[in-house]
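Residue numbers (my numbering): 336 to 419.
Here a beta-carbon is modelled for each residue, glycine too, at the ideal position from N, C-alpha and C.
Note sheet for the following structure.
Below, the structure is given as structure tokens:
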């Protein structure tokens, strides 16, 4: 899915959100977990930590990529239905 995200960014995908804050709060207010169709278990686990993370939503076509950027560790990516 990382390559799909990179391809989308190269094609001009729109970064709709890029925010940092408490993981649980970001999950509740910004992650739109109910739209995820691929990659949710790892992403939900990353948003369940007691600490801060970065969260980005990148829209491209009918999809959006939800990216969690933990303070320590690799980014986690999920695919979700776009806001449309």
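Check: Does DSSP put residue 360 in a helix, a strand or coil?
Finding: The residue given as residue 360 occupies position 25 in the chain shown. Three-state result, residue 360: helix.
Notebook entry, point to check: In its own chain, which residues sit with a C-beta less than 6 Å from the C-beta of residue 361, not counting the 5 before and 5 after it?
Noted result: Working through the chain shown from its first residue, we reach residue 361 at position 26. Answer for residue 361: 390, listed in chain order.
Note to self: Is it the case that the stretch 372 to 384 contacts the stretch 342 to 351, given that we only count it when at least three CB pairs across the two stretches are under 8 Å?
What the structure shows: Short answer: they don't touch.
Note to self: Beta-carbon within less than 6 Å of residue 384's beta-carbon, same chain only, minus the 5 sequence neighbours each way: which residues are those?
What the structure shows: The sequence position of residue 384 within the chain shown is 49, counting from 1. Hits under 6 Å: 358.
Check: Which whole-angstrom value describes the C-beta separation of residue 381 and residue 403, a residue pair presumed to lie in contact below a C-beta threshold of 8 Å?
Finding: As a position in the chain shown, residue 381 is number 46, starting the count at 1. As a position in the chain shown, residue 403 is number 68, starting the count at 1. That pair is a contact at about 4 Å.
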